[in-house]
Amino acid sequence: MKLSLLSSAMLALTVGVTASSQAADDRYVIQVDQQKKGIVKALAKQLGAQIHVDGEGFIAATFTGKDLAQVKGLLNNPHVKLVELDQPRHLMSVYADDIGNPMTQQVTPYAVYQSQANQVTFNPNAGIKVCVIDSGLDRSNNDFQWNNITGDNDSGTGSWDVNGGPHGTHVAGTIAAADNGFGVVGMAPGVDLHIIKVFNEAGWGYSSDLAHAANLCSAAGANIISMSLGGGGSNSTESNAFQAFTDAGGLVVAAAGNDGNSVRSYPAGYPSVMMIGANDANNNIADFSQFPTCSSGKGPRATSDETICVEVTAGGVDTLSTYPADMATASSLTADNAFIASSSMENSGNASGSTYYMGTAETVDSGANGNVCVIDRGVISFYDKVANCEASGGVGAVIINNEPGMLYGTLGDANATSIPAVGAAFEDRATLLAASTMAINIGTSDFGFMSGTSMATPAVSGIAALVWSQHNECTGTEIRNALKATAQDAGATGKDDYFGYGIVKAAAAHAYLTTNGCEGGVTPPPTGGDITLSLNGVKSKGAKSINLSFAGLSGSNVDVYRNSSKIATTANDGAYTDAISSKSSLTYTYKVCEAGTATCSADKSITF
Ligand SMILES: [Ca+2]
Ligand SMILES: [Ca+2]
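With mature numbering (1 follows the signal peptide of the UniProt record, and there is no 0) as the guide, the letters of the sequence shown map in order to residues -23 to -1, 1 to 585.
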């Protein structure tokens, strides 16, 4: 038998990229002597530049295909004071994490706001339980309602409440972290969990493990199975196990995968399993999120099946959640005593003092002595910037992104610096440059960031639990359909392979089920459900008419509707003939109703 190997953790590590010094649009700002600006402009034009802005003491120009060093070389002219990147300016992130230290206050992750989970109240009495198949949930994290959590171990993986790596603990927090004033908050805070540990540090499992786990989830009374895992190749035993769970009224959710390609991963690719992609805080698709086609079969026999591709997405880029105690590294940054979002780069410890702006920190600068260095990203590596700060006597370093969003990065394996260094978001640059004092802390934490479709999957599992807790008369498939029907379209207009139906929205799904019932937007069956109508087009001597035959009405008269307009009230004798004036072939839609009521047949159409 062919076993399909499952890679343990659908986890895309966010790795800092060493600074690039080429402007996004090859666009640069050149500071000049105002009196000699004409000479510099002429020189720039001569060098093939396109001038965009003719400012007071500066010009902005595009040097196509040239990086900063090359442009500086070309403009080696006494009238040029400085050449720098012309930084793009964009709108701020659409959604963001709360700012603060989750060790001491509760921080709501951005995906909660993005998915509207904060707009729906979780009902803990609805009896919803989520089964998480992963690397265990470590009991050392106290942001859980532990008395609502049970578990099972696979043989060989060790206790379910001892971590086999932080992945499973992170996933569980996104679903269920408690609403308790510290840490993070899950999509369905405090929801009952059943934890099945199928992975340990070695990080492997098999489809047979998952088939067995599905049965254990069922035995534990779970409504939802959440799997932030997957691998290539389908397996019928595994597929049958998830189909059975779904057929029994459950919902199975799994990750699309993190290879950024169109490969279909399993178990997400089984029709019984809802496949989840990952988006970021700006409603963009994550570059790692897999996007298999919805086509099944090849050539003329190919059919479209929306259950074998991404159905919806949720936030899964830089997701803040729970870690085994002290296993995460976290930073905090205050500027003039106000919290500013930061990411830990390297070197644990505390640093505080007056600020000193070092620009891009390309050289040692004695002005930084005893101060916190505030540094722009660009030109040289993060490591070289921090090393220059430290060599200048700086006590800590804050490196500000040069493009929208948080700067995530490290100082590399050869790091020889010792001062704490954090990244900061471009959006906070003005605040950071204006601050006179700063304090940096980097230390261990019970909360940290991960990225992956692994993080989007528990978001959807938790949102499903949240919505289901308000509609526990529905089946898992009905919840799945409601999440798809109310997802916010993103990416290419309409349903697409990356987002499926779009980004899940909990409040919209809740409202949809409240309005439409579990079966959703299907037209409610007519109250006179056994009223039948059939249509027959006839042509006689060039005249066209449509004969209606109906049955199942109880009153003496019948209202006849054509294309939603009432055209006649006639005797309930089982027949009516509608004369048609158009010679063209057109489509006509009819229904018949008990006279004066909304008790009607279903709509019937004929093209004639
Ligand atoms: Ca909490
Ligand atoms: Ca779309």
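No residue lacks a Cβ here, since even glycine has one placed at the ideal position from N, Cα and C. All values derive from a computational prediction rather than experimental measurement.
Requested in this report: Using alpha carbons as the reference points, say which of Met335, Asn324, Ser369, Asp423 lies closest to Gly386.
Outcome: With distances taken between CA atoms, Gly386 lies nearest to Asn324 out of Met335, Asn324, Ser369, Asp423.
**Report entry** Proximity of Ala149 and Ala165 at Cβ, strictly below 8 Å
**Finding:** No, the pair does not count as a contact, with Cβ atoms beyond the cut-off.
**Report entry** Presumed contact (8 Å Cβ cut-off) between Ala233 and Ser242, rounded CB distance
**Finding:** Yes, they are in contact, since the Cβ atoms of Ala233 and Ser242 sit about 6 Å apart, within 8 Å.
Query - Any heavy atom of ligand 2 nearer than 7 Å to the CB - residues listed - result: Taking each Cβ in turn, the ones that pass are Asp466, Ala467, Gly468, Ala469, Thr470, Gly471, Lys472, Asp473, Phe476, Gly479.
Query - Minimum C-alpha distance to Thr546 - residue among Ser369, Leu193, Gly573 - result: Measuring from the Cα of Thr546, the nearest candidate turns out to be Gly573.
Query raised in the report: Taking the alpha-carbon positions, what's the Ser446 to Asp423 distance?
Result: Spanning the two alpha carbons is a distance of roughly 28 Å.
Query raised in the report: Where DSSP assigns a beta bridge to Met251, which residues make up the other side?
Result: The bridge partners DSSP lists for Met251 are Val230.
Requested in this report: Check Phe426 in the structure and name its three-state DSSP category.
Outcome: Residue state, collapsed to three classes: strand.
**Report entry** C-beta contact flag for Thr421 and Thr306 at 8 Å
**Finding:** Yes, the pair counts as a contact, with Cβ atoms nearer than the cut-off.
Query - Assigned secondary structure, Gly336 (DSSP; H/G/I helix, E/B strand, else coil) - result: Coil.
Report task. Check whether the stretch 513 to 523 touches the stretch 566 to 585, counting contact only when three or more Cβ pairs, one atom from each stretch, lie closer than 8 Å. Result -> Touching, per the Cβ criterion.
Requested in this report: Go ahead and label Ala218 buried or exposed: buried means 16 or more other beta carbons lie within 10 angstroms of its beta carbon, across all protein chains shown.
Outcome: With 16 or more other Cβ atoms within 10 Å, it is buried.
Requested in this report: Have a look at Ala462, Thr434, Asp120, Leu490 and flag the residue whose alpha-carbon is nearest the alpha-carbon of Pro79.
Outcome: Comparing Cα positions, the closest option is Asp120.
Query raised in the report: By how many angstroms is the C-alpha of Ser558 removed from the C-alpha of His67?
Result: At His67, the pLDDT of 45 sits below 50, so the modelled position is not reliable and the matter cannot be decided from this model.
Query raised in the report: Which residue's Cα is closest to the Cα of Asn235: His189, Ala279, Val287?
Result: If we check each option's Cα against that of Asn235, Val287 comes out closest.
Report task. Give the straight-line distance between the Cα atoms of Ala190 and Gly135, rounded to the nearest whole angstrom. Result -> Distance between the alpha carbons of Ala190 and Gly135 is about 15 Å.
Query raised in the report: Between the stretch 337 to 344 and the stretch 433 to 447, do at least 3 Cβ pairs fall closer than 8 Å?
Result: Judged by Cβ distances under 8 Å, the stretch 337 to 344 makes no contact with the stretch 433 to 447, as fewer than three pairs qualify.
Query raised in the report: Name the DSSP beta bridge partners of Asp473, please?
Result: DSSP lists Gly477 as partners of Asp473.
Report task. Measure from the alpha carbon of Val444 to the alpha carbon of each residue in Val60, Leu384, Val97, Gln27, then state which is nearest. Result -> Of Val60, Leu384, Val97, Gln27, the smallest CA-CA separation from Val444 is found for Val97.
**Report entry** The beta strand (DSSP E) enclosing Phe316, as first and last residue numbers
**Finding:** First-last of the beta strand (DSSP E) with Phe316: 315 to 317.
**Report entry** DSSP state of Trp137 mapped onto helix, strand, coil
**Finding:** Residue state, collapsed to three classes: coil.
Requested in this report: Compare the beta carbon distance of Val229 and Ile253 with 8 Å and say whether it is the shorter of the two.
Outcome: It is not a contact, given that the beta carbons lie outside the stated cut-off.
Query raised in the report: Taking just the CA atoms, how far does Met427 sit from Asp295?
Result: Roughly 5 Å separates the two Cα atoms.
Query raised in the report: Is Gln83 near ligand 1, in the sense that its beta carbon is under 7 Å from a heavy atom of that ligand?
Result: Gln83 Cβ: within cutoff of ligand 1.
Requested in this report: Return the chain-ordered list of same chain residues with a C-beta closer than 8 Å to the C-beta of Phe527, the five sequence neighbours on each side being excluded.
Outcome: Here Phe527 has Ile508, Thr509, Leu510, Ser511, Val535, Gly551, Ala552, Tyr553, Val569, Ser578 as same chain residues with Cβ atoms under 8 Å from its own Cβ, once five neighbours each way along the sequence are excluded.
Report task. Starting from Gly145, follow the alpha helix (DSSP H) in both directions and report where the run begins and ends. Result -> Taken as a continuous stretch (DSSP letters only), the alpha helix (DSSP H) holding Gly145 covers 144 to 153.
Query raised in the report: According to the Cβ coordinates, are Asn95 and Gly113 closer than 8 Å?
Result: Taking 8 Å as the Cβ cut-off, Asn95 and Gly113 do not qualify as a contacting pair.
Query raised in the report: Among Gly514, Val356, His448, which has the Cα closest to the Cα of Ala488?
Result: Measuring C-alpha to C-alpha distances from Ala488 to each of Gly514, Val356, His448 identifies His448 as the nearest.
Query raised in the report: Taking the C-alpha atoms as reference points, what is the distance between His171 and Asn124?
Result: Approximately 11 Å between the Cα atoms of the pair.
Query - N-terminal and C-terminal residue of the alpha helix (DSSP H) that Gln47 is part of - result: Where Gln47 is concerned, the enclosing alpha helix (DSSP H) stretches over 45 to 51.
Query - Same chain, Cβ closer than 8 Å to Gly42, five either side skipped, listed in chain order - result: Answer for Gly42: Asp3, listed in chain order.
Query raised in the report: Does at least one heavy atom of ligand 1 sit under 7 Å from the Cβ of Asp361?
Result: No, since every heavy atom of ligand 1 falls outside the 7 Å radius drawn around the Cβ of Asp361.
Query raised in the report: Can you name the start and end residues of the beta strand (DSSP E) that Gly373 belongs to?
Result: Looking at the DSSP string, the run of the beta strand (DSSP E) that includes Gly373 is 373 to 377.
Report task. Could you tell me whether any non-hydrogen atom of ligand 1 is closer than 7 Å to the CB of Ser156? Result -> Checking the displayed sequence, the identity of residue 156 turns out to be Asp instead of Ser. Checking the 7 Å criterion, the Cβ of Asp156 is within range of a heavy atom belonging to ligand 1.
Query raised in the report: Closest by CA to Leu384, which one among Ala391, Gln27, Asn392, Ala374?
Result: Of the listed residues, the one whose Cα sits closest to Leu384 is Ala374.
Query raised in the report: Can you pull the DSSP bridge partners for Thr311?
Result: Looking at the DSSP assignment, Thr311 forms a beta bridge with Phe316, Ala416.
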